[in-house]
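*Asks:*
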Amino acid sequence: TFFMITVPDIENEARQGDRSVRSTLPPTTRIGVLHIGARQTTVAFGDGFAAERTVTLTIGAQTIADGYFEHVPATALELENAIATVEDEIARARPSLPGDLALHTADAPLCEIARLAGVAESATMILSRDAVEQTFERLAAVALGRPAARSGLPTGNEFAARLLILREFMHHLQF
Numbered sequence: 053t054f055f056m057i058t059v060p061d062i063e064n065e066a067r068q069g070d071r072s073v074r075s076t077l078p079p080t081t082r083i084g085v086l087h088i089g090a091r092q093t094t095v096a097f098g099d100g101f102a103a104e105r106t107v108t109l110t111i112g113a114q115t116i117a118d119g120y121f122e123h124v125p126a127t128a129l130e131l132e133n134a135i136a137t138v139e140d141e142i143a144r145a146r147p148s149l150p151g152d153l154a155l156h157t158a159d160a161p162l163c164e165i166a167r168l169a170g171v172a173e174s175a176t177m178i179l180s181r182d183a184v185e186q187t188f189e190r191l192a193a194v195a196l197g198r199p200a201a202r203s204g205l206p207t208g209n210e211f212a213a214r215l216l217i218l219r220e221f222m223h224h225l226q227f
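Following this line, the structure appears as structure tokens:
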């Protein structure tokens with residue numbers, strides 16, 4: 053379930069997003085709040101009005117874009133190499149993440165992904181794993197040579213990296 057930097061600011065951004073999401077939910081709701089920053093991805097999880105724990109992954113939209121995408125748009129091989137790195141980082145973090153969470157975010161770029169996936173804009177937007185996968189398939193078609201304008205997606209590599217991280221996160225952690 054989804055609704056709508058510098059390294060030192062990532063923890064503050066993640067905490068602000070976590071508080072923003074938690075303030076709209078009953079205090080007993082067990083959730084994970086996802087924040088995909090420029091250099092790191094964080095998940096703050098727990099129930100009540102404060103996170104019990106935060107897990108930080110060493111992957112972010114900018115680090116993936118800068119480290120793996122030499123072309124705009126990224127090529128299929130560049131996407132595959134980035135996927136391998138993101139999968140490895142998610143596998144490393146998996147034991148630290150409980151499996152019984154509803155996933156939320158307050159990240160504007162992730163809300164934009166939801167809109168591009170066909171979710172109507174509202175105070176609460178629900179983004180399914182299938183919708184993320186279909187959106188990623190559009191990105192992959194561009195990487196394979198489909199004209200970018202026909203995909204309806206932004207051509208920037210940070211967008212591609214953020215979508216890739218979200219896709220792998222939802223897929224491998226079964227959100």
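Residue 83 in the working numbering sits at position 31 of the sequence shown; the count goes up by one each step and never skips. Beta carbons are placed, not taken as given, at the ideal position from N, Cα and C, and that holds for glycine.
Are the region 185–195 and the region 203–221 in contact at 8 Å, needing three or more beta carbon pairs?
*Replies:* Contact between the region 185–195 and the region 203–221 is present, because at least three Cβ pairs lie under 8 Å.
*Asks:* Apply the 10 Å Cβ neighbour rule to Q226 and answer buried if 16 or more other Cβ atoms are within range, or exposed otherwise.
*Replies:* Exposed: under 16 other Cβ atoms inside 10 Å.
*Asks:* Residues in the same chain with beta-carbon distance under 7 Å from E139, minus the five sequence neighbours each way, listed in chain order, please.
*Replies:* Counting only Cβ-Cβ distances below 7 Å, and skipping sequence neighbours, we find E220, H224.
*Asks:* Could you tell me which of T106, L196, S203 sits nearest to P150, measuring between CA atoms?
*Replies:* Minimum Cα distance to P150 is reached at T106.
*Asks:* Which whole-angstrom value describes the C-beta separation of E210 and Q92, a residue pair presumed to lie in contact below a C-beta threshold of 8 Å?
*Replies:* Wrong, their Cβ atoms sit about 14 Å apart, outside the cutoff.
*Asks:* Do you know whose CA, among L153, A126, L162, lies nearest A117's CA?
*Replies:* Taking only the C-alpha atoms, the option nearest A117 is A126.
*Asks:* Which residues mark the beginning and the end of the beta strand (DSSP E) in which H87 is found?
*Replies:* From DSSP, the beta strand (DSSP E) with H87 extends over 83–88.
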